[in-house]
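Q: For what it's worth, my numbering labels the leading residue of the sequence shown as 14, then goes sequentially.
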Amino acid sequence: MKNRETALITGASGGLGKDFAQIFAQKGYNLVLIARSEEKLNNIARELEGKYKIKTTIFIQDLSEPNSASKIYTEVKNRSIHIDVLINNAGFGKIVAFVDEKLSTYTEMLNLNITTLTELTVLFLPEMIARNNGKILNVASTAAFQSLPNFGVYAATKAYVLNFTEALHYELKNTNIAVTALCPGPTLTGFAKRANAETSSLFKNAMDSKTVAQIGYKALMNNKMTVIAGFTNKFMAYLSRLIPSRRLLINIVGKMY
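(1) Please list the segments of the beta strand (DSSP E) lying wholly inside the segment 143-177, counting only runs of 3 or more residues, in order along the chain.
(2) Output yes if chain C places a C-beta closer than 8 Å to the C-beta of Ile36; else output no.
(3) Between the segment 228-239 and the segment 182-195, do at least 3 Cβ pairs fall closer than 8 Å?
(4) Candidates Gln39, Asn16, Ala38, Glu52: which alpha carbon is nearest Ser26's?
(5) Name the DSSP beta bridge partners of Asp221, please?
(6) Pull up the CB-CB distance for Leu175 and Ala157, whole angstroms please, since I reckon it's below 8 Å.
(7) Whole angstroms is fine: what's the gap from Met14's alpha carbon to Lys148's?
(8) DSSP has Val192 in a bridge; who is on the other side?
(9) Given Val192, which residues of its chain have a CB within under 7 Å of its CB, disregarding the five upstream and five downstream residues?
(10) In terms of alpha-carbon separation, which member of Ile241, Asn246, Asp97, Ala232 lies closest to Asn218?
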């Protein structure tokens, strides 16, 4: 890539974010990596710069904090970095009865999964439109396709991500800007530990994160509106749309959580 493009990836210190960083570095992109762990980001940056001869910029930022997107945008502009690809990957959930979790957890979840994702898109999209070139991938989830007891707030945030992304894809259909929603099912990342789901049967057949990241990358490059990772996950997502009664659907999925 003669004039290297730059991909900004949130939640880049591990899991899908780290895998996306590997993929884009291999394809010749410079990187802007964002996460909370400075040590992990530095290690990833050194590895990718050494292996692929790219430039990597890291920002240490908790994206669940208010105004974190504006801070990132300001730092990126101050360094005269043009973002060509935005990967909104950072997010978390927790399997717990709604009343048993503290308010601060839900506030952080809403800020990270919805607010920061939306704000980063609002901030970086206008420049993509001005250049008539750009790509945005938002990581949703198969949880977006139905209500999930004991996982309700997370599922609701991912339903927002899916609906927002699909609407934006349509709005930009006459431009050269790709917008894709990636919907992984259970995936081997650090998500299960933070979600209190390590012993859940849901993660017995979890997909490898590298495979999921490759699926997301290919879908984005082909400007697919939505991609569901894995045959079983696709089947379950489509099945949930065929069940005529939402009460019946929630009774089924409620037994899984």
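All C-beta atoms in this analysis are idealised placements derived from N, C-alpha and C, irrespective of residue type, glycine included.
A: The short version:
(1) Within the segment 143-177, complete beta strand (DSSP E) segments of at least 3 residues are found at 147-152, given in chain order.
(2) Annotation note: the requested chain C is absent from the structure, which comprises a single protein chain.
(3) Counting Cβ pairs under 8 Å, three or more are found: they touch.
(4) Position 13 of the sequence shown, counted from the start, is the residue given in the question as residue 26. Nearest option by C-alpha distance: Glu52.
(5) In the sequence shown, the residue the question calls residue 221 occupies position 208. Bridge partners of Asp221: Leu201.
(6) On the sequence shown, residue 175 is found 162 positions in, with the first residue counted as 1. On the sequence shown, residue 157 is found 144 positions in, with the first residue counted as 1. Between Ala157 and Leu175 the Cβ distance is about 4 Å, and since that is below 8 Å, they are a contact.
(7) Mapped onto the sequence shown, residue 14 falls at position 1. Mapped onto the sequence shown, residue 148 falls at position 135. Because the pLDDT at Met14 is just 47, under 50, the model does not fix this residue reliably, and the point stays unresolved.
(8) Here residue 192 corresponds to residue number 179 of the sequence shown, with the count starting at 1. DSSP, once it has assigned bridges, lists Ile149 as partnering Val192.
(9) By 1-based counting over the sequence shown, the position of residue 192 is 179. Cβ within range, chain order: Ile149, Thr178, Leu181, His182, Leu185.
(10) As a first step, residue 218 is located in the sequence shown; it is residue number 205 there, counting from the start. Distances from the CA of Asn218 to each of Ile241, Asn246, Asp97, Ala232 were compared; the closest alpha carbon is that of Asn246.
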